[in-house]
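Using the working numbering, the letters of the sequence shown correspond one by one to residues 10 to 910.
A quick write-up on the structure given underneath.
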Amino acid sequence: MEKLTAHFDVDPAEGLEDTEAEKRKEKVGPNQLAEGKRLSPLALLLNQFKDFMVLVLLAATLISGLLGEYTDAIAIIAIVLLNAVLGFIQEFRAEKSLTALKELSAPMARVKRNGSWKRIPAAELVPGDIVSLESGDRIPADLRLIHAENLYIEESALTGESVPVSKTGSVIRGGEEVPLGDRKNMAFLGTMAVRGTGIGLVVFTGMKTEMGKIAHLIQTTESMQTPLQNRLEQLGKVLIVVSLFLTAVVVLTGIIHGHDAYKMFLAGVSLAVAAIPEGLPAIVTIALALGVQRMIRRRAIVRKLPSVETLGCASVICSDKTGTLTQNKMTVTHLWVDGRRLEVSGSGYEPEGEFTFDGRKVNPGRDPGLKRLLEVAVLCNNARLIRESSREGMLRRKQESWRVDGDPTEGALMVVGAKGGHTGEALEKEWKRVREFPFDSERKMMSVLVEKGKGQRVLMTKGAPDVLLNRCTHLLRGGRPVPLTEAMREKILSHNDQLAAMALRNLAFACREWKGAEPGRESEAERELVFVGLAGMIDPPREEVKKAIRTCRRAGIRTVMITGDHQTTAVAIARQLGILTEGGLTVNGNQLQRMSDREFEQKAKHIQVYARVSPEHKLKIVKALQKDGDVVAMTGDGVNDAPAIKAADIGIAMGITGTDVSKEASSLILSDDNFATIVSAIEEGRSIYDNIRKFISYLLASNVGEILVMFLAMLAGMPLPLVPIQILWVNLVTDGLPAMALGVDPAEEDTMDRPPRNSRESIFARGVGWKIVSRGLLIGTFTLASFWVAYQEAPDDLVRAQTIAFATLVLAQLIYVFDCRSSQSVFHRNPLNNLPLVLAVVSSALLLLVVMYYPPLQPIFHTVSLGFREWTLVVAASALPTLLAGLIDLIRPVRQPVHHG
Numbered sequence: 010m011e012k013l014t015a016h017f018d019v020d021p022a023e024g025l026e027d028t029e030a031e032k033r034k035e036k037v038g039p040n041q042l043a044e045g046k047r048l049s050p051l052a053l054l055l056n057q058f059k060d061f062m063v064l065v066l067l068a069a070t071l072i073s074g075l076l077g078e079y080t081d082a083i084a085i086i087a088i089v090l091l092n093a094v095l096g097f098i099q100e101f102r103a104e105k106s107l108t109a110l111k112e113l114s115a116p117m118a119r120v121k122r123n124g125s126w127k128r129i130p131a132a133e134l135v136p137g138d139i140v141s142l143e144s145g146d147r148i149p150a151d152l153r154l155i156h157a158e159n160l161y162i163e164e165s166a167l168t169g170e171s172v173p174v175s176k177t178g179s180v181i182r183g184g185e186e187v188p189l190g191d192r193k194n195m196a197f198l199g200t201m202a203v204r205g206t207g208i209g210l211v212v213f214t215g216m217k218t219e220m221g222k223i224a225h226l227i228q229t230t231e232s233m234q235t236p237l238q239n240r241l242e243q244l245g246k247v248l249i250v251v252s253l254f255l256t257a258v259v260v261l262t263g264i265i266h267g268h269d270a271y272k273m274f275l276a277g278v279s280l281a282v283a284a285i286p287e288g289l290p291a292i293v294t295i296a297l298a299l300g301v302q303r304m305i306r307r308r309a310i311v312r313k314l315p316s317v318e319t320l321g322c323a324s325v326i327c328s329d330k331t332g333t334l335t336q337n338k339m340t341v342t343h344l345w346v347d348g349r350r351l352e353v354s355g356s357g358y359e360p361e362g363e364f365t366f367d368g369r370k371v372n373p374g375r376d377p378g379l380k381r382l383l384e385v386a387v388l389c390n391n392a393r394l395i396r397e398s399s400r401e402g403m404l405r406r407k408q409e410s411w412r413v414d415g416d417p418t419e420g421a422l423m424v425v426g427a428k429g430g431h432t433g434e435a436l437e438k439e440w441k442r443v444r445e446f447p448f449d450s451e452r453k454m455m456s457v458l459v460e461k462g463k464g465q466r467v468l469m470t471k472g473a474p475d476v477l478l479n480r481c482t483h484l485l486r487g488g489r490p491v492p493l494t495e496a497m498r499e500k501i502l503s504h505n506d507q508l509a510a511m512a513l514r515n516l517a518f519a520c521r522e523w524k525g526a527e528p529g530r531e532s533e534a535e536r537e538l539v540f541v542g543l544a545g546m547i548d549p550p551r552e553e554v555k556k557a558i559r560t561c562r563r564a565g566i567r568t569v570m571i572t573g574d575h576q577t578t579a580v581a582i583a584r585q586l587g588i589l590t591e592g593g594l595t596v597n598g599n600q601l602q603r604m605s606d607r608e609f610e611q612k613a614k615h616i617q618v619y620a621r622v623s624p625e626h627k628l629k630i631v632k633a634l635q636k637d638g639d640v641v642a643m644t645g646d647g648v649n650d651a652p653a654i655k656a657a658d659i660g661i662a663m664g665i666t667g668t669d670v671s672k673e674a675s676s677l678i679l680s681d682d683n684f685a686t687i688v689s690a691i692e693e694g695r696s697i698y699d700n701i702r703k704f705i706s707y708l709l710a711s712n713v714g715e716i717l718v719m720f721l722a723m724l725a726g727m728p729l730p731l732v733p734i735q736i737l738w739v740n741l742v743t744d745g746l747p748a749m750a751l752g753v754d755p756a757e758e759d760t761m762d763r764p765p766r767n768s769r770e771s772i773f774a775r776g777v778g779w780k781i782v783s784r785g786l787l788i789g790t791f792t793l794a795s796f797w798v799a800y801q802e803a804p805d806d807l808v809r810a811q812t813i814a815f816a817t818l819v820l821a822q823l824i825y826v827f828d829c830r831s832s833q834s835v836f837h838r839n840p841l842n843n844l845p846l847v848l849a850v851v852s853s854a855l856l857l858l859v860v861m862y863y864p865p866l867q868p869i870f871h872t873v874s875l876g877f878r879e880w881t882l883v884v885a886a887s888a889l890p891t892l893l894a895g896l897i898d899l900i901r902p903v904r905q906p907v908h909h910g
């Protein structure tokens, strides 16, 4: 410590002079987290218009406007603006991540300046300042502790440690090799002192702190483009090239065959607009938004729309342990008392459970050893178990919940006492506390002297088993003290080791009858004790997580535990949940640090549990998995998870226990902190992506059909089978409603029984490309055939033939939409179990009848009324493409996805 104070040129008794502190502040800057480069709201909004598909749509808008197609131009502009506003809102919220991180910094600090203590803004602290800490203080900078008096600091948000950490002013050997969670003589910016007092020397401020390193990681971590964004960008480029080529061919062919150049140019532009489904971005957004609503009902809140789809191809879920896989509620599961190891049922803070030995129930009221252990556990305790009531629902039904006020370990003891009928309120009426000797890290014990009535006094002690056992001379047997032999000591330590091997945190309990004057010192009181028993506790796994992990495995998704907790605890929880399987590897932070990047990348796919890791390690893990081709979902709740959450393909934060930083960096928030909710989200993600592929298949096959009708007609030297306004009507009106209805199509039965798709997979893979080409070819061919038949019958009545072609094209597309619902065949699914789709098809068909039979619209859309004979031709020509394709699909099965990550 002398070397450290000399290095910072400060006398701990006097602190820094104000003038010296000001000089240091000018040199190192204020004790604040710096913000990265932030885009202005206007720049964020303008960025929404840089997308390739959006640029294509804007070009189409300009052309449509120049040619007088104002309706089409207005529709496209409305779609582009809608997408821009939605994208802007999502990105603007994401930019708030660093602001939330800054708010974790303490606003004020108690510092020694000019020989006296004073409170100053935390931003004024400089390296070398001497800072005082008390229970409830948020740590204002990274401190090397000089003195710690029973000081415990809550570091779960930074290190993942599930209970407050005992701090010391002693030297710890190992330097920077010591993991963050084991630096007991350090207090870190943004963490919270929950008990005791301390004095520390400021060693790092601002961006040099551990919290500052995380802020830097968030700034320098790039957000990944989602597979959906990549696929749509790819699709846009394909469509623009194809549409321009085919448009040019149609226009030139028409002019060569003697058609009017202006009319052919107008028809060409209409085809170009038709080839680019300008409704696609809006329909994708609507499908995602509807999926978001369904996910909210399943307790998953989506912050970034494309991330819904990304979940569908997630191949690895990297999950934090504390509070995500576990309940974040310390629970006593085993007791050792009177030579027996008892099991305690129940989990969490609800005081409901039983004590059993060899499967038989043990009654604490009739078991003197168990009764005394529970009395010591509850009375030698400063926590409180509190029942809270609330009313929910329309009938305002009363809901009860329990919480612990105080240290989580002591809270677990209050709960196990209540399970045995020994509540804090009842025992405090029976026993009065006379004196307390608080727990401290040197003694590793806490004792209280309690009094019953006027005569009986008992000293009750709890502490670390090995230390407490050394203070004991007797053992409680059958409710009576017997001399503690060496063999008994060894047996107790052996049972303690067995509990520790189960990853339990153990506490020992002892007592002694007290006679005479009240003890003055701990050493006087804590001797010649009677050993009562042991309690083993753990932060238990969530009940529903086992099933969720089994479902993930069935769906081809690996679950990896990443935690700052001890390796033994992590392995035990991972085995209970089924995360750690035979042949799976476990790695701690030190081992990971020593691995080369190449060695780690080779092992990453086999590692199932990471323990005692730092934020940099989490980021390294995510990047290694991504490099191996995995699509990574990262769950977490602490500040330490934020960089990895942001770097992951999809970041998942906890809604209840999660920090603002992790929420702002995430794409998805679990409102119930339940790992099992991720399974629901993945199912929705897969279903939504399937639905997006369905309506892309529908829209593009329809557009291929439209282009082929015009293209083949031009090649054959026929008149125009469709006029430009009819093409635009089909593209903007007929296609839109059914496509949107496909976006809410129910999931297919095998959604969670197939492996994740490859994130590099083309959107046209697994039969979609074949379906687009084959159905488009059939629809175009039969539409042209119906036009040719009608035109041959009455060459002088071109409008009648065009009306038949128009009606055939619309109805063929409306029938084909049912074919899009299944990846196998149109006959594979019941066409009536998607009611919105049925209503959309009926609505589009009615709109077709309106433009055909409503006299004021007939000249605008170049239509005439059709009779029964014409309708027979239309229905036959429109139904045959889907029926023929369905028969082909029954013969030619579609390949199922194979994940290559």
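Don't be surprised by glycine CBs; every beta carbon is placed ideally from N, CA and C.
- In the three-state reduction of the DSSP assignment, residue 258 falls in the helix class, which pools H, G and I.
- In the structure shown, the three-state DSSP call for residue 141 is strand.
- Using a 10 angstroms sphere on the CB of residue 621, the tally of other CB atoms reaches 16 or more, which defines it as buried.
- Within the DSSP bridge table, the entry for residue 465 names 461 as partners.
- Taking 8 Å as the upper bound for CB-CB distance, residue 21 and residue 14 are in contact here, some 6 Å apart.
- Bounds of the beta strand (DSSP E) holding residue 489 are 489-492.
- In the pairwise beta carbon analysis, the stretch 530-550 is classified as touching the stretch 494-510: at least three pairs are separated by under 8 Å.
- Between the stretch 773-787 and the stretch 745-760 there are fewer than three C-beta pairs closer than 8 Å, too few to call the two in contact.
- Setting aside the 5 residues that flank it on each side, residue 857 is surrounded in the same chain by 819, each with a C-beta closer than 6 Å to its C-beta; the list follows chain order.
- In this chain, the beta strand (DSSP E) harbouring residue 121 covers 117-122.
- Around the beta carbon of residue 532, fewer than 16 other beta carbons sit within 10 angstroms, so the residue counts as exposed.
- The beta-bridge partner set that DSSP reports for residue 519 consists of 470 and 540.
- DSSP, reduced to helix, strand and coil, places residue 573 outside both helices and strands of the structure shown, so it counts as coil.
- Between the alpha carbons of residue 786 and residue 688 lies a distance of about 39 Å.
- Assigned with DSSP and collapsed to three states, residue 192 falls in coil, not helix or strand.
- Here the C-alpha atom of residue 375 lies approximately 11 Å from the C-alpha atom of residue 487.
- In this structure, residue 546 sits away from residue 586, with a CB-CB distance that is not shorter than 9 Å.
- Using a Cβ distance threshold of 9 Å, residue 713 and residue 795 do not count as a contacting pair.
- Distance from the Cα of residue 130 is smallest, within the candidate group 94, 209 and 39, for 39.
- Beta bridge pairing from DSSP links residue 445 with 457.
- When secondary structure is reduced to three states using DSSP, residue 361 falls in the coil class, being assigned neither helix nor strand.
- Minimum Cα-Cα distance from residue 778 among the listed residues 17, 599, 466 and 704 corresponds to 704.
- At the C-beta level, residue 25 and residue 137 come within 9 Å of one another.
- Judged by DSSP in its simplified three-state form, residue 163 adopts strand.
- Listed as beta-bridge partners of residue 204 by DSSP are 161.
- Residue 595 is bridged by DSSP to 618.
- Rounded to the nearest whole angstrom, the CA to CA distance from residue 263 to residue 747 is 32 Å.
- Inclusion of residue 135 and residue 634 in the CB contact set at 9 Å is not warranted, their separation being larger than that value.
- A distance below 9 Å separates the beta carbons of residue 346 and residue 379.
- With contact defined as three or more Cβ pairs closer than 8 Å, the stretch 809-817 and the stretch 883-901 are in contact.
- In the three-state reduction of the DSSP assignment, residue 127 falls in the strand class.
- Inside the stretch 644-698, DSSP marks whole beta strand (DSSP E) runs of 3 or more residues at positions 659-663 and 677-679, from first to last along the chain.
- The secondary-structure analysis by DSSP pairs residue 440 across a beta bridge with 461.
- Under the three-pair Cβ rule at 8 Å, the stretch 137-154 counts as touching the stretch 116-125.
- Note on residue 636: under 16 other CB atoms within 10 angstroms of its CB, so exposed under the neighbour-count rule.
- Restricting attention to 879, 356 and 660, the CA atom closest to the CA of residue 317 is found in 660.
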